[in-house]
Each structure stands twice: as structure tokens, then as C-alpha cells.
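Residue 720 in this note's numbering sits at position 402 of the sequence shown, and the numbers go up by one each step.
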Amino acid sequence: MHLSKYFLPVLKEAPREAEIASHQLMLRAGMIRQQSAGIYSWLPLGLKVLRKVEQIVREEQNRAGAVEVLMPTIQSADLWRESGRYDDYGKEMLRIEDRHGRDMLFGPTNEEMITDIFRSYVKSYKDLPLNLYHIQWKFRDEVRPRFGVMRGREFLMKDAYSFDLDEASSRAAYYRMFVSYLRTFDRLGVKAIPMRADTGPIGGDLSHEFLILADTGESEVFCHRAYMEMAVPGAGLDYGDNDAIKAIVDDWTGAYARTDELHDEDLWNEVPEVDKMNARGIEVGHIFHFGQKYSTPMGAKVAGPDGQDHNVHMGSYGIGPSRVVAALIEAGHDEAGIIWPASVAPFDVGLINLRSGDEATDAACADLYTQLTNAGLDALYDDTDNRAGGKFALADLIGLPWQLIVGPRGLKEGKVELKERATGEREELSLEAAMNKLT
Ligand code: ATP
Ligand code: MG
Ligand code: MG
Ligand code: MG
């Protein structure tokens with residue numbers, strides 16, 4: 319992409335209403351634009367990151383055996399009357415009446431709808447286990463939308479729903495999702511710690527929130543330092559091996575990790591003082607086992623091996639990709655701007671032409687751009703006639719992992735400069751060596 323042809327509306331200063339770094343930087347870097355309170359347009363640079371986050375989430379859901387569907391944003395109130403949640407949900411639900419006077423709503427989540435899909439088609443235990451997910455916009459009329467897309471009213475969610483014949487297989491489904499979340503956040507280049515969460519009236523121990531540590535997080539977290547060093551399973555793990563999956567979950571739930579909501583001072587005091595981490599965190603994922611909560615009132619049952627009908631056991635598993643984008647920035651930025659993990663960076667490398675209009679420099683840049691593209695790298699070529707200082711500031715602001723800096727003086731000696739955004743390290747290299755390092 320040539321910057322001169324791109325749409326990257328950067329702002330010189332962060333608007334005053336932006337209180338935290340990620341919100342300020344997303345506005346300044348031209349990633350998002352607020353349209354109403356808590357409702358945002360995603361501009362090209364922001365959309366690229368969002369799509370990459372989404373794709374990693376999708377790949378890890380698929381790897382764990384979940385199957386993608388796409389349900390609508392608008393739902394009928396009748397389904398929610400069946401589960402009893404139409405009245406319970408309260409003001410966070412945006413309720414709509416259509417021209418025929420029918421009650422509709424903008425979905426805040428999809429348990430009812432997926433249960434309806436399930437009961438319409440699946441009749442036998444032989445079709446289980448089943449896990450269906452979608453990545454779709456949700457709407458929650460938050461009392462206090464704030465921090466940009468971190469707490470939006472319209473936001474993107476990946477929500478998966480598992481269906482199993484009995485409690486034991488339903489737990490196994492939960493464990494698979496738990497492990498897939500470890501892998502997902504690892505690939506997103508961030509540490510997200512699973513913390514035991516409230517299961518509400520259903521009880522049990524099967525709910526975990528995944529939190530990214532950041533000073534601006536809305537939750538207070540208490541966790542054992544061991545989580546900073548725990549190994550995340552590699553891509554080769556076998557999701558068919560229930561024991562191996564369970565062992566990973568046991569590892570990752572062995573040490574104390576809770577948010578303020580479920581914090582237990584007595585248990586906390588058993589953690590050695592040096593291992594205590596009391597910090598703040600952002601909830602980016604939440605998994606939940608709720609058994610027959612929806613299958614019973616909605617009649618989602620299958621015939622078991624015994625010939626009898628059984629209400630299925632279910633769990634739901636959410637990640638907010640739009641919130642994740644902001645959380646990644648909270649976890650990765652400095653005074654100059656964003657520092658993207660390579661896996662979700664909007665471009666792999668920024669190619670900076672220090673003297674646009676200079677024949678030799680333009681030619682060298684054009685050649686490097688072609689080489690980068692041919693090597694499968696997505697490059698943003700700053701071919702504008704802005705001053706060098708402005709180009710450097712922009713590249714730092716938008717946080718691409720590498721900057722390849724090309725100027726007439728270096729070129730005379732056959733040299734370019736390569737800067738790594740995360741470390742700030744700059745290296746003078748031959749064109750060939752620079753390309754080798756990048757590709
Ligand atoms: P919170 O405690 O922040 O209000 P929640 O517990 O209500 O979140 P869940 O119902 O567990 O959220 O939804 C699953 C995921 O959806 C969350 O972990 C988060 O990543 C995302 N999410 C929820 N609410 C929002 C929001 N208002 N804006 C952006 N993402 C959200
Ligand atoms: Mg909420
Ligand atoms: Mg929550
Ligand atoms: Mg939650």
C-alpha cells in the first residue's frame with residue numbers, strides 16, 4: 319500500500335474525551351471514529367488489526383473442533399421469552415419494535431438463538447459433541463460506555479456454544495475451549511491469565527475470565543506470579559486427547575488467580591508474599607459452563623444410547639475481538655505510539671522514503687517495495703513528500719514492527735536503515751542484508 323493512496327486520517331492531538339492510552343492512540347492513528355456514544359466506525363488501519371485478531375480467534379476455534387456459523391444481529395423477543403431472559407436482561411438490551419408491532423432486539427449474546435438452531439436439527443447423541451460459534455456484532459446499552467472500543471455499546475464478539483450428552487463430556491468441551499483460549503491469546507502476542515469467575519446461581523467451578531494485565535484495567539486482580547512463566551501448548555496438541563487437555567487446564571488453574579469479584583483473602587494469604595501479584599486487568603474472554611439452563615426451558619434434547627431423551631449440557635465461550643484490539647495497545651505502547659505484536663500488526667513493515675521525488679531514492683524504494691510484496695510481506699510505503707521527522711513520527715505512532723528507512727545519502731554507499739519498533743534499535747545494512755533480515 320502506498321501511503322499517498324491510503325486513507326489514514328491521523329490526528330495531531332488526542333481528543334480530550336479520550337482518557338486512556340489505547341483510546342487516544344486509536345483515535346490519533348486513524349483507526350476508529352466515534353459515531354455515537356460507544357458506537358464506532360472502523361477505519362482502514364483499525365479494520366486491518368480487527369480482522370487479524372478475528373482470524374487468529376477463528377483459526378484456534380476451528381483447531382479445537384468448533385464449527386463456524388453466522389447468526390443475525392437482530393433477534394425475535396419470543397426466543398428470549400422462552401428462556402425467561404426477556405424480562406430479566408434489563409436495560410442493557412436494546413429493544414426494537416418492527417412495523418408489524420413485533421418485539422425484536424439487537425442481540426447482546428446468542429444462547430437462545432443457538433439453542434433454537436440446535437433443537438431444530440440435532441436429535442441424537444450420535445451427533446454430539448457439537449460446538450458452534452460465530453463472530454458477530456453485539457449490542458449492549460452499557461450505562462457508561464467508555465475508553466473507546468474497550469467498553470463500547472456495539473462491539474464484536476466471538477461466541478461459541480457447546481452441546482453434549484452429559485456433564486462429563488460437557489466438562490471436556492469446556493476444557494478444550496479453555497486450552498484454545500490459551501493458544502489464542504498467545505498467538506495474539508499477549509499474556510492473558512485465566513481467573514476463576516462467578517458461576518452465579520448454577521454453581522460449580524467452571525467459569526473463567528481471561529484477563530490481560532494493564533494499569534487501566536477495570537478489574538482488580540490477585541494472582542500468583544507463576545502465571546507469568548507458564549508454558550502455552552503448541553499447535554501440535556491433540557484436542558482428541560481428553561486427559562492431555564485436562565492436564566493443561568489443571569496446570570493453568572493450580573495457582574491462585576481471581577478478580578475482585580471472587581477474591582478470597584484466606585486463600586490469598588496462603589500464597590507466599592514474593593509470589594503475590596496484585597494488579598489491574600482487562601477482561602478479554604469469558605468461558606462458562608451452564609449445564610441445562612437453556613436446554614431445559616427451550617426443549618433442546620437428544621436421544622441417548624439408552625433410547626431416552628436427554629436435555630443437552632451446554633457451555634458458552636466469549637472473546638471480544640474489538641476489545642482485544644484496545645487491550646493489546648494498553649499492553650503495548652510507549653510515548654511515541656503503538657507497538658503491535660507482529661501477528662496482528664496492520665502492516666508488517668513501513669517503508670520510509672526520506673526524499674520522495676529524488677530519482678534514485680524513488681527507484682530503490684519501488685524495488686524494495688516489490689521485493690517485500692513478493693516475499694509475502696504487507697508493506698506500507700510512505701511515498702508522501704512529508705518531512706523525514708513527520709514520517710518517523712507517523713511510523714512510530716502506528717506501531718508497525720519494522721521500519722525500512724531509505725535515503726539518498728545511505729544509498730550512495732549501498733545502505734539502508736532498519737529500525738525495530740519494539741526495541742527502537744536501528745541498524746545500517748546493505749539493501750540485501752536488510753531484505754534478508756525481514757524475509
Ligand atoms: P464486562 O465485565 O467488561 O462488562 P461482560 O462480563 O459483561 O464484560 P461477557 O458477557 O462475559 O462480558 O462477554 C464476553 C466478552 O465480550 C468479554 O469478555 C469482552 O471481551 C467482550 N465484551 C463484553 N462487553 C463488552 C463491551 N461493552 N465492549 C467491548 N467488548 C465487550
Ligand atoms: Mg458487561
Ligand atoms: Mg465481566
Ligand atoms: Mg464476562
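Beta carbons: idealized from backbone N, C-alpha and C, even for Gly. Please read these numbers as outputs of a predicted model, since none were measured by experiment.
Look at residue i and residue j and say whether their C-beta atoms are less than 7 Å apart.
i	j	result
Y358	V467	yes
G655	L698	no
I530	A510	yes
S634	F665	no
Q393	M431	yes
I637	V461	no
K444	M475	no
A339	A478	no
S613	N629	yes
I647	L343	yes
V550	Y574	no
A711	L672	no
S442	V567	no
A532	A347	no
I657	A740	yes
L524	F481	no
E378	S498	yes
A663	L718	yes
S748	G732	yes
Y557	A382	yes
A355	P426	no
DSSP three-state label for residue i, please.
i	result
D445	helix
Y358	strand
H418	coil
M753	helix
Y404	helix
Y635	strand
K366	helix
K619	strand
R598	strand
F325	coil
S480	strand
V385	strand
Q610	coil
F465	coil
S487	helix
S674	coil
H581	coil
V550	coil
E538	strand
Count the other CB atoms within 10 Å of the CB of residue i; is the residue buried (16 or more) or exposed (fewer)?
i	result
D627	exposed
K323	exposed
D582	exposed
F325	exposed
H341	buried
M333	One point to set straight first is that residue 333 is Pro, not Met, in the sequence displayed. Burial call: exposed.
K709	buried
E410	exposed
E579	exposed
D584	exposed
A681	exposed
T787	This structure cannot settle anything about residue 787, because the visible part of the chain is limited to 319 through 757.
Any idea which residues DSSP pairs residue i with across the strands?
i	result
Q454	M475
G668	L698 and Q721
S748	K733
C683	According to DSSP, C683 bridges with nothing at all.
D561	Paired residue(s): none; D561 is not in a bridge.
R514	H526 and R576
Q393	L423
G507	Note: G507 sits in no beta bridge, so no partner.
N629	K619
D652	G655
Q352	Y358
E738	W720
G603	F528 and I637
L412	F424
Give me the Cβ distance between residue i and residue j, rounded to the nearest whole Å; I'm assuming they're in contact under 8 Å.
i	j	result
C541	M513	7 Å
E735	E746	6 Å
A678	L729	6 Å
V642	L448	Not really, about 26 Å apart at Cβ, beyond 8 Å.
H452	V387	5 Å
S401	M616	6 Å
E536	I600	7 Å
D758	L412	In the structure displayed, the chain extends from 319 to 757; residue 758 sits before or after that span and is not available.
V328	L715	7 Å
R351	L361	6 Å
F503	F528	6 Å
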